[in-house]
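Peer 1:
Residue numbers (the working numbering): 30 to 1058.
1. Evaluate residue 219 with the Cβ neighbour count: other Cβ atoms within 10 Å of its Cβ, from every protein chain shown; 16 or more gives buried, anything less gives exposed.
2. Distance, Cα to Cα, residue 746 vs residue 585?
3. So for residue 66, helix, strand or coil by DSSP?
4. Just mark residue 480 as buried or exposed, buried being the case when its beta carbon has 16 or more other beta carbons within 10 Å.
5. Three-state secondary structure (DSSP) at residue 447?
6. Taking only the alpha-carbon atoms, compute the straight-line gap between residue 47 and residue 72 and give it to the nearest angstrom.
7. The alpha helix (DSSP H) spanning residue 164 covers which residue range?
8. Output the distance between the C-alpha atoms of residue 649 and residue 681, rounded to the nearest integer angstrom.
9. Taking DSSP as the reference, what is the three-state secondary structure of residue 673?
10. Flag this pair as yes or no: are the beta carbons of residue 809 and residue 845 separated by less than 7 angstroms?
11. Check whether the Cβ of residue 559 sits closer than 6 angstroms to any heavy atom of the ligand PLP, and report yes or no.
12. Does the Cβ-Cβ distance between residue 30 and residue 147 come in under 7 angstroms?
13. Helix, strand or coil for residue 600 per DSSP?
14. Here's the rule I'm using: 16 or more other beta-carbon atoms within 10 Å means buried, otherwise exposed. How should residue 628 be labelled?
15. Spatial neighbours of residue 488 within its chain, please: C-beta separation below 6 angstroms, excluding the five flanking residues on both sides.
16. What are the boundary residues of the alpha helix (DSSP H) that includes residue 134?
17. Taking the alpha-carbon positions, what's the residue 1064 to residue 290 distance?
18. As a quick exercise: from 58, 486 and 406, pick the residue whose alpha carbon is nearest that of residue 457.
19. In terms of residues, what are the limits of the alpha helix (DSSP H) holding residue 591?
20. Cutting at 7 angstroms between CB atoms, please list the residues of its own chain near residue 118, excluding the five before and the five after it.
21. Rounded to a whole number of angstroms, what is the C-alpha to C-alpha distance between residue 595 and residue 615?
22. Out of 573, 544, 634 and 564, state which residue places its alpha-carbon closest to the alpha-carbon of residue 612.
23. Leaving out five residues on either side along the sequence, give the residues of the same chain with a beta carbon under 8 angstroms from the beta carbon of residue 1037.
24. Flag this pair as yes or no: are the beta carbons of residue 76 and residue 66 separated by less than 7 angstroms?
25. Indicate whether residue 702 and residue 736 have their beta-carbon atoms separated by less than 7 angstroms.
26. Counting C-beta neighbours from all protein chains within 10 Å, is the total for residue 536 16 or more, i.e. buried, or is it exposed?
27. Would you give the residue range spanned by the alpha helix (DSSP H) that residue 109 belongs to?
28. What does the Cβ neighbour count give for residue 453, buried or exposed, with the cut at 16 atoms within 10 Å?
29. Exposed or buried, which one is residue 573 when buried takes at least 16 other CB atoms within 10 Å?
30. As an exercise, report each continuous alpha helix (DSSP H) stretch of at least 4 residues that is fully enclosed by the segment 487–573, in chain order.
31. Where does residue 421 sit, in a helix, a strand or coil, going by DSSP?
32. Assign residue 272 to one of two classes, buried (16 or more other C-beta atoms within 10 Å of its C-beta) or exposed (fewer than that).
33. Return helix, strand or coil for residue 242, following the three-state DSSP convention.
34. Anyone know if the C-beta pair for residue 618 and residue 659 falls short of 7 angstroms?
35. Please report the straight-line C-alpha distance between residue 42 and residue 56, rounded to a whole angstrom.
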């Protein structure tokens, strides 16, 4: 590069005008323009006239130009272009830069390019001018350094004694200082000319890339040459651009500011700017673009480190909640800010308990955040910056076993300790976050070592912790979850057998102490399963504890069920005791085989009595259903799938299926939900060995509609206490609205999230039956027709169900999809039929139907399904033509077509048949009695031919001819005339539209188009005048 520049400079010294014209032409060619600036044009025309002529000759057939393309060669060209400008200024700084012609003329030409209406000229001119200014800044820095050196030499020489002072040297230094000042002034004039002529106009350009270049270069100027650019007059442009609507511009602006705030010496000069734009920076910590918010948090951290008391407590309170967001990089940056600002005001001293102050400050923040259920995310946010402190197990357990903490602090510390321990054992962040990289072998080795250290430190004190917090459900559940993750093999090697016996005793006591629905029982059951692992050397102790627990709960269950069945009316105390026992058994049954205790018989009798008499409450019925299911589950787990079921087990399963089917009709929603989930799981376990009866399939479809898709209204009306609870819930929801965007699932309150998860589980169970072919394919219509309306809640589940059922049987799947659309349209006609029948004109009927919101929802369903349609090959023609045949709703065919693939000609006969049925449906005669305003018995479904026309372009040419012939024959049979509705006026418009779609000529093949490189950018929009944002 330097060789090329030196050769050009030699040419410039010999022939200034010719060399400069070549430099101008190089700038023009860098814009992608093939025009040429001749010496005559340069001598006779102004820059504006030259650029106007270049604009007239500019080839604008393609919006692409060198700087707009993102392929690797063009990126190298852009970097080389910028490097050439820098080398040219650096090599010519002593002579050509000061000749009064080169820089003045070139800057004037680049300013004209930057003001052009052509985007390529404006973009390239702006980049060249700003890079030129950056190079001038480098030269100015060198001149300033020479000035400082000259000033020091002058002061040193002047400070000498008169006898030793050199008068000639002083004069020489004085002359050198004057020349350097003049050179500095010339450079500042050039820089100010570029800044005012280019930057001031282009920082608000309509093109985001140009605005981003301006901000990036301004940040560079301020950092390198603060004497001229670290002023409020220059910094204000960075502050204004913080409000830019484009993410890349905001990102470059924040990065420029971060580079400035990262220099502690510049902090005193930023006080006014900080005071003016600090609120905007704090608000940008919640920017909708995670990358922008990440840079803002790093900027705020630098501000807090280099400027004293710049961020108030209120500002920090708006930043701290970002530690709970799902984006791990953003949460980690917020954790570093939290650690620097709040958790590390003092450096830890040597000795045990040095991190006690850290834990106290962390607990204070955690309790004040009012987001206690997200401790795992707080720990993960602090893991990179404070992981060593969080892994101080001895200090944390010592604080828990002590008496200095209050109960809320102890519960919070237990959650933090459990989250940190699980983070160590699993080596992965919590659900919803990802590391974004692979874990190295060294990290896995370190994680295993830390897991062993955690186990050796925690197991000896775990019995004491379980005993202390046995009455606190959340705390003891967190400890039990952590117990299941520990390295229990260290118990024997570390001679901690006594600790294991105490832990097992504590687990048994917890089963007898807790009975309410809480995570304690489930966590205790999983912990007991981990202690009964056959691979453990001491698993025999766990088996003994499990046997004792099963004996106690099983005998109690038999006794209580017998007393309840013999009683004339259930006693409230007996019901409560039985419900508590069944809940304990439910939790234990889910992880352990309790079939030896023979609970199937008495629980089946109890469930039958509940269905026959209705005297047994839901709090007993729901756990009873689950216990029976797990009893059958453990029996089925011992039988290979290839073997048939024993007669006794088959009889039990049939009896239980019948009972669950009856439970689907119960008034209590909890009983219906549990029966629905149990049925879906049990049918999957059985597979083809025992398929559900048609009556059961129909009952499942009705229950699905009621439990998943039916929008229930609030049941709080009419009851003052319930009304107060509803108002309180709404108040709490409003208070948490500000944090909803920061949580893992935005805009959904916690209780709504739980409700959504429950409904998704119900739908997933039903769809699993469809995917495995355990239900009739037509049963999927109840799910498919909800794809659009419930897309936000269940779109992913329904989409995968559509794909899975399509792969099983394409023809049957197509009929099911059509059935779903037919059901929607039938429901619409039944709902709106009386109102439509009262309209006098057919045109009004059609307009009214199209204006209905329900009709719009069906059209939206069609548009979504159309995205799955493939136009590449003729596979699926059979299903597509069938769709044309049976389709009734306007754009529902659109959406259905997306699930058809056109890759193989199989099924062509079914496709033609489906298309034929669609035409027959559209041409059906109107219902009796005749609707006034429809001439000659015109079919009421005729407008739906426009739906079929959406699929005509997807048909191959031979099939279009077949469908067109079918349409002609059907029209003659219906007496619609040979002109396909032209004689019917407005009433025949759908028929004419459909005919045109079938008879439209194919697009003739044109010349092959050159493929654009994969890495190239898409075509940019046409350039427009630069307007303010």
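Ideal Cβ positions, reconstructed from N, Cα and C, are used throughout, including at glycine. Treat the numbers as computed from the prediction; the structure is a model and nothing was measured.
Peer 2: This is what the structure gives:
1. buried
2. Note that residue 746 scores 36 on pLDDT, short of 50, meaning its location in the model is unreliable; the coordinates nonetheless yield the value given after this. In a straight line, the C-alpha of residue 746 is about 41 angstroms away from that of residue 585.
3. coil
4. buried
5. helix
6. 11 angstroms
7. 148–187
8. 21 angstroms
9. coil
10. yes
11. Summarising the ligand content, the structure contains no ligands, and the ligand PLP is consequently not present.
12. no
13. coil
14. buried
15. 525 and 528
16. 131–143
17. The structure shown does not extend to residue 1064, since the chain is modelled only from 30 to 1058, so the question has no answer here.
18. 406
19. 568–595
20. 126, 161, 164, 165 and 168
21. 23 angstroms
22. 544
23. Residue placement at residue 1037 is poorly supported in this model, since its pLDDT is 41, which falls under 50; the coordinates still yield a value, given next. No residues qualify anywhere along the chain.
24. no
25. yes
26. buried
27. 101–120
28. buried
29. exposed
30. 491–497, 502–514, 519–522, 526–542 and 548–560
31. coil
32. exposed
33. helix
34. yes
35. 20 angstroms
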